[in-house]
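The next block holds one structure in the form of structure tokens; read it before the comments.
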Amino acid sequence: MAKRIDNLVEWVDGVAEASMRHLAGMSGRRSLLHKAGKIFIGGAVLPMLPYDNSNGVSHAEERHAEGTIPDDCQYWRYCSLHGGLCSKCGGSVTQCPPGTTPSKVAWVGTCRNPKDNKDYLVSYNDCCGKAGSCGDECTRQERDRPGYRMGLASESSWCIANGKQGVHCTVAIVVGLAE
């Protein structure tokens with residue numbers, strides 16, 4: 346029995362040695378270094394390649410002649426907005442005014458940009474903390490669901506998640522393309 350095991354070990358060693366000698370005969374150290382160099386260089390260059398992680402947001406940006414975004418209720422991003430415009434309260438379309446904090450929860454609408462005729466997902470966050478709303482009160486609510494459950498309509502007070510803070514105004518942030 347021991348002789349059979351010794352024969353098996355010798356046979357495995359012989360096959361392994363023959364395979365390694367064949368592989369070494371077909372490729373040298375320079376070939377191995379060449380392939381390894383390609384892998385390392387490729388790994389270093391790959392992060393430098395251009396990559397679009399904006400999810401379509403940059404295409405939704407809109408600038409006008411004077412370089413500003415309109416701050417009236419008919420602006421395309423406000424298609425499902427219900428609240429005051431932060432752009433008229435010291436903030437912007439995407440940032441809450443000083444002294445307020447964005448709500449921890451939001452509602453999302455799908456709005457069509459007339460410039461490129463594409464639909465975009467727009468997140469509406471109430472800015473909470475200051476008493477009373479400011480700016481123009483917009484109520485467009487296009488394709489809005491009825492408010493029979495919290496979270497299904499823009500009529501809800503989204504500042505409840507931030508504690509006992511009132512709604513001051515609302516921002517409209519483009520999240521990405523609606524597909």
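According to my numbering, the stretch in the sequence shown is residues 346 to 524, in order.
In this text, a Cβ means the ideal position worked out from N, Cα and C, and glycines have one as well.
To the nearest angstrom, how far is it from the Cα of residue i to the Cα of residue j?
i: Val438; j: Glu482; result: 14 Å
i: Ser556; j: Gly508; result: This structure cannot speak to residue 556, because the chain is shown only from 346 to 524.
i: His367; j: Asp358; result: 14 Å
i: Gly444; j: Cys431; result: 12 Å
i: Lys348; j: Val354; result: 10 Å
i: Val453; j: Val390; result: 38 Å
i: Met365; j: His379; result: 19 Å
i: Gln510; j: Cys473; result: 6 Å
i: Ala608; j: Arg375; result: Given that the chain is displayed from residue 346 to residue 524, the structure contains no residue 608 and the question cannot be resolved.
i: Ala363; j: Trp356; result: 11 Å
i: Val360; j: Ile386; result: 35 Å
i: Gly436; j: Gly429; result: 11 Å
Provide the residue(s) that pair with residue i in DSSP beta bridges, ordered along the chain.
i: Ala517; result: Tyr469
i: Trp452; result: Tyr469
i: Glu482; result: Gly429
i: Pro447; result: Cys472
i: His457; result: In the sequence under discussion, the amino acid at residue 457 is Arg, which differs from the His named in the question. In the DSSP output, where bridge partners are listed per residue, Arg457 has Asp464.
i: Leu522; result: Tyr465
Taking buried to mean at least 16 other C-beta atoms within 10 Å of its own C-beta, is residue i buried or exposed?
i: Lys475; result: buried
i: Asn352; result: exposed
i: Gly388; result: exposed
i: Leu377; result: exposed
i: Gly370; result: exposed
Quick one: what's got a C-beta closer than 7 Å to residue i's C-beta in the same chain, skipping five residues either side?
i: Ala451; result: Ser468, Tyr469, Asn470 and Trp503
i: Cys434; result: Pro442, Cys479, Gly480, His513 and Cys514
i: Lys449; result: Ala506 and Asn507
Excluding five sequence neighbours on each side, which residues of the same chain lie with their C-beta closer than 6 Å to the C-beta of residue i?
i: Thr484; result: His427
i: Arg457; result: Asp464
i: Ile518; result: Thr439 and Ser468
i: Lys383; result: none
i: Met346; result: none
i: Val520; result: Leu466 and Ser468
Among residues of its own chain, excluding the 5 on either side of residue i, which ones have a beta-carbon nearer than 8 Å to its beta-carbon?
i: Lys447; result: The sequence given here has Pro at residue 447, not Lys. Cys441, Asn470, Asp471, Cys472, Cys473 and Val516.
Under 7 Å, Cβ to Cβ, is there at least one residue of chain B near residue i?
i: Lys380; result: Among the protein chains of the structure shown there is no chain B, as only one such chain exists.
Comparing the CB of residue i with every heavy atom of the ligand NAD, is any distance shorter than 6 Å?
i: Gly388; result: This structure lacks the ligand NAD; in fact it carries no ligand of any kind.
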